[in-house]
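Worksheet: the structure to be examined is printed underneath.
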Amino acid sequence: MSIEVRIPTILRTYTANEKVVEAAGSTIAEVVADLEANYPGIGDRLTDDKGLRRFVNVYLNDEDVRFLDGLDTAVADGDSVTILPAVAGG
Amino acid sequence: MRFDSLLDSVGNTPLVGLPHLSPSGQVRLWAKLEDRNPTGSIKDRAALAMIEAAEADGTLTRGATILEPTSGNTGISLAMAAHIKGYSLLCVMPENTSAERTQLLKMWGADIVYSAAAGGSNEAVRVAQQMAADRPDLVMLYQYGNPANVAAHYRGTGPELLADLPTITHFVAGLGTTGTIMGAGRYLREHRPGIEIVAAEPRYGELVYGLRNLDEGFVPELYDPSVLTRRFSVGLEDAVRRTRQLVSEEGIFAGISTGAILHAALGIASAIESSGGTADIAFIVCDGGWKYLSTGAYGGSFEDAIAGLEGQLWA
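Going down the list, the sequences are from chains A and B. Each residue of the first sequence is one higher than the one before, starting from 1 at the first, in the numbering used here. Each residue of the second sequence is one higher than the one before, starting from 1001 at the first, in the numbering used here.
Here it is as C-alpha cells:
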C-alpha cells in the first residue's frame, strides 16, 4: 500500500529535504512507523508515549485524525497524509 | 433597526439561505453574514466583548494603550472600538498581510509593529508577549486566551443561530483564535444535542509554517477539542475556488477564509445528500472580500490569484 505523506519544512531535515514521501501502512500509526524506518528520528518528533505530540497536526485527506480514530485511523492505498505544525490565526 | 451608537449595532447578523449551492431542499446551507458588522468582520464581536470585560474588571482605564497580536481582522475591530472609546491601540501584525489591513488599521488610528512573515501569527504572538513583558503600561487583551472572546459567541452568535435555524444540524466555522467555534459551538451543543461542530482551518504556504522547531507551534489557550466533532485543513486553491463560487452562484462577496469554511460545509452537504439524509448546515461568513481585492483573488486567472495569495496570511 502506498500513502503519500506531505512533510512540513521543519521536518525535512529527516527526509533529505523531500516535501512528499511515500509510506506504507494500514493505519496512521503504521505510516508513522514506516516513516521512522526510512527516516530515523522522525517518529519521535511526531509522537510520544501519549500519542501525537501537542504541536503536531496530522490530516488524512484534509481531515484532522484526532477527530477520526487518532493514530488508529485506517488509511488506504492512494490516501494523502499531511503533517503540519500547529499555528495561530486571528 | 435603530441603535444608540455604532458599537451597539455589533452582532445580530442575518442568516441567509444558499438556494443554488445547497444540494437539495433536504440538505440546506445557510450563511451567517458576519461581514455585516461595523468593520466588516466577525471580530467586532470579540473585540468589543474583550474591551468591555477589561473595562469592567478595571484593567483598561481611560487613556490606556491596548496591545494585540493580530493577523488583521481583530486589530481592525479593536481599532474601531478603541477609537470610539478613546483608547490607543498598538497592533503586532505579520508583514505578509494584505495592504488593506494596514490601511484600515491606520484609518482608525492604530499603530502597527510588523512581525516577521516566517512563523505567521505565532511570531506576532511571540513579539507581542515580549512587548507586554517589557512595557507593563500596555494592556494586552490577548484574543487567543481571553474568555470574553468565547463569551461573545456563547452569548451572541450561538443563540442567534439557534433562533434563526432551530433545525440546525451542523455548524461550520473557522479556527483562528477558536473563539467563534468554542463559544457558539458550546452553546449549540448544549441546546441541540447531536449537532456537529465542524472546524475548517486554513492550510497556508510554507512560509507560515517555517518555524525553527516544533516547540514553537501554537495552540490557543481557548481551544477545547471536545467542542468539535470534525476538523478540516483546507488549502488555498480550494478556498479561492469556493470564494469565487460563493459570489458567482449566490452573490455573496466574502473573504478567502470563508471560502475554506464553505469548502468543508459543501463536503459535508454532499456526503449527506449521497446518503439520502437531511441537514441544515450553517456556516460563518467571517468577513467581506473588500480587504482582499488587492490580492487578485476575485478576478483574472485562477493561477494568478493563487500566486498572488501564496505566502500571505489570508484568514
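C-beta: ideal position from N, C-alpha, C; glycine also. Predicted model only: the values in this text are computed from it and were never measured.
Member of the options whose CA lies at the smallest distance from the CA of residue i
| i | options | result |
| --- | --- | --- |
| B/A1151 | B/K1043, B/A1184 and B/G1174 | B/A1184 |
| B/E1249 | B/R1002, B/L1029 and B/S1005 | B/L1029 |
| B/S1041 | B/A1054, B/L1015, B/T1061 and B/S1077 | B/S1077 |
| B/H1020 | B/A1047, B/G1251 and B/L1309 | B/G1251 |
| B/E1100 | B/G1075, B/G1120, B/A1118 and B/S1121 | B/G1075 |
| B/Y1089 | B/S1071, B/M1107 and B/L1067 | A quick correction: the sequence has Leu, not Tyr, at residue 1089 of chain B. Nearest option by C-alpha distance: B/L1067. |
| A/I42 | A/V75, A/R12, A/A88 and A/R66 | A/R12 |
| B/E1237 | B/M1131, B/R1135, B/N1149 and B/L1309 | B/L1309 |
| A/G70 | A/A24, A/T47, A/E18 and A/A37 | A/T47 |
| A/A16 | A/N38, A/G78 and A/R54 | A/N38 |
| B/S1009 | B/L1015, B/N1037, B/G1296 and B/G1025 | B/N1037 |
| B/G1025 | B/I1281, B/A1118 and B/I1197 | B/I1281 |
| B/A1053 | B/P1147, B/D1111 and B/Q1130 | B/P1147 |
| B/V1198 | B/I1084, B/F1283 and B/M1107 | B/F1283 |
| B/L1007 | B/L1015, B/A1305, B/A1082 and B/T1061 | B/A1082 |
| B/Q1181 | B/A1305, B/G1205, B/K1043 and B/L1228 | The question names Gln, but residue 1181 of chain B in the sequence shown is Ile. The shortest C-alpha separation from B/I1181 is found at B/L1228. |
| B/Y1187 | B/H1153, B/G1119 and B/M1131 | B/H1153 |
| B/N1096 | B/M1107, B/I1084 and B/A1117 | B/A1117 |
| B/W1108 | B/P1136, B/T1039, B/A1239 and B/S1005 | B/T1039 |
| A/S85 | B/G1119, B/A1132, B/F1171 and B/S1294 | The question names Ser, but residue 85 of chain A in the sequence shown is Pro. That would be B/G1119, whose Cα lies nearest to the Cα of A/P85. |
| B/R1155 | B/A1133, B/D1137, B/E1190 and B/A1132 | B/E1190 |
| B/R1203 | A/I3, A/S2 and A/P8 | A/P8 |
| A/G25 | A/Y14, A/P40, A/S2 and A/I10 | A/S2 |
| B/T1295 | B/A1264, B/S1098, B/Q1245 and B/C1286 | B/S1098 |
| B/A1264 | B/E1196, B/L1104 and B/F1218 | B/E1196 |
| B/R1244 | B/G1179, B/L1293 and B/Q1130 | B/L1293 |
Contacting residues, own chain, Cβ-Cβ under 6 Å from residue i (five flanking each side not counted)
| i | result |
| --- | --- |
| B/P1069 | V1092, A1124, V1125 and A1128 |
| B/V1113 | V1092 |
| B/E1201 | L1175 and S1233 |
| B/A1163 | none |
| B/A1271 | none |
| A/V5 | V21, A23 and V81 |
| B/A1110 | A1079, L1089 and C1091 |
| B/W1314 | I1256 |
Cβ neighbour criterion (16 or more within 10 Å) applied to residue i
| i | result |
| --- | --- |
| B/G1255 | buried |
| B/D1035 | buried |
| B/T1278 | exposed |
| B/M1080 | buried |
| B/A1269 | buried |
| B/F1003 | exposed |
| B/R1231 | buried |
| B/Q1312 | buried |
| A/G78 | exposed |
| B/S1121 | buried |
| B/P1225 | exposed |
| A/K19 | exposed |
| A/A88 | buried |
| B/D1215 | exposed |
| B/T1013 | buried |
Backbone CA spacing between residue i and residue j [nearest angstrom]
| i | j | result |
| --- | --- | --- |
| B/M1140 | B/P1159 | 28 Å |
| B/R1324 | B/R1242 | Outside the shown range of chain B, which is 1001 to 1315, sits residue 1324 of chain B, and nothing can be said about it. |
| B/A1056 | B/P1166 | 33 Å |
| B/L1211 | A/G51 | 22 Å |
| B/S1275 | B/S1022 | 15 Å |
| B/P1094 | B/S1115 | 5 Å |
| B/G1194 | B/T1169 | 8 Å |
| A/V21 | B/S1301 | 31 Å |
| B/G1011 | B/T1157 | 7 Å |
| B/T1065 | B/I1051 | 11 Å |
| B/G1086 | B/G1063 | 6 Å |
| B/S1257 | B/V1208 | 15 Å |
| A/L68 | A/L60 | 9 Å |
| A/I83 | B/G1072 | 26 Å |
| A/R45 | B/I1261 | 30 Å |
| B/M1001 | B/F1171 | 27 Å |
| B/A1047 | B/K1291 | 18 Å |
| A/A74 | B/P1136 | 50 Å |
Nonlocal neighbours in the same chain, by C-beta distance under 8 Å from residue i, ignoring five residues either side
| i | result |
| --- | --- |
| B/V1247 | F1253, A1254, G1289 and Y1298 |
| B/T1059 | V1139 |
| A/D72 | T27, I28 and A29 |
| B/G1267 | F1232 |
| B/L1015 | W1030, A1031, K1032, L1033, E1160, L1161, D1164, L1165 and A1282 |
| B/V1240 | I1256, G1259, A1297, F1302, A1305, I1306 and L1309 |
| B/I1084 | S1005, L1006 and L1007 |
Cutoff 7 Å; reference residue i; Cβ partners in own chain excluding five residues on either side
| i | result |
| --- | --- |
| B/G1017 | R1028 and W1030 |
| B/T1177 | Q1143, Y1144, N1149, P1220 and L1222 |
| A/E36 | I42 and G43 |
| A/D64 | N57 |
Exercise. Starting from the N-terminal side, write out each stretch of the beta strand (DSSP E) that is 3 residues or longer and does not extend beyond the segment 1181 to 1218 of chain B.
Key: When DSSP assignments are scanned along the segment 1181 to 1218 of chain B, the uninterrupted stretches of beta strand (DSSP E) that are 3 or more residues long and fall wholly within it turn out to be 1196 to 1203.
Exercise. Let me know the beta strand (DSSP E) ranges lying completely inside the segment 1081 to 1124 of chain B, each 3 residues or longer, listed in chain order.
Key: 1088 to 1094 and 1111 to 1115
Quiz item: Can you list the alpha helix (DSSP H) stretches of 4 or more residues lying completely in the segment 1035 to 1083 of chain B, in chain order?
Solution: 1043 to 1056
Practice problem: Run through the segment 20 to 76 of chain A for me and flag every whole alpha helix (DSSP H) of 4 or more residues, listed as ranges in chain order. | Solution: If only complete runs of 4 or more residues are kept, the segment 20 to 76 of chain A shows the alpha helix (DSSP H) at 28 to 38 and 42 to 46, in order along the chain.
Exercise. With a floor of 4 residues, list each alpha helix (DSSP H) that falls wholly inside the segment 1287 to 1315 of chain B, ordered by position along the chain.
Key: 1302 to 1309
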